[in-house]
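Novice: Quick one: the structure is below, and I'll ask about it shortly.
In my numbering, the protein residues as written are 26 to 98.
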């Protein structure tokens with residue numbers, strides 16, 4: 026019985042770890058880029074190829090896209 030419980034908990038833990046990895050490396054930079062009017066695919070690829078921290082830091086420092094739709098007063 027302990028082996029089945031340990032196996033089940035291991036699967037749950039692995040799925041949770043997979044969710045965290047997907048969230049950190051794909052969803053976080055995608056949402057940051059989208060909210061700033063930047064290329065979602067480009068920033069996700071940057072975070073996957075180089076560094077998640079670098080991509081998020083650059084998105085934060087660059088801010089909103091200056092040519093984003095809508096006139097500003």
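Glycine is no exception: its CB is placed at the ideal position from the N, C-alpha and C atoms.
(1) In terms of residue numbering, what span does the alpha helix (DSSP H) encompassing residue 68 cover?
(2) I want to know whether the stretch 75-93 touches the stretch 48-59 - three or more CB-CB distances under 8 Å.
(3) Kindly indicate which three-state DSSP category residue 54 falls into: helix, strand or coil?
(4) Residues in the same chain with beta-carbon distance under 8 Å from residue 109, minus the five sequence neighbours each way, listed in chain order, please.
(5) Alpha carbon to alpha carbon, how far is residue 86 from residue 62? Give it in angstroms, no decimals.
Specialist: In brief:
(1) Segment 65-74, the alpha helix (DSSP H) holding residue 68.
(2) Result yes; three or more Cβ-Cβ pairs closer than 8 Å.
(3) Note: residue 54 maps to helix in three-state DSSP.
(4) For residue 109 there is no data in the structure shown, the boundaries of the chain being 26 and 98.
(5) Looking at the two C-alpha atoms, the distance is approximately 14 Å.
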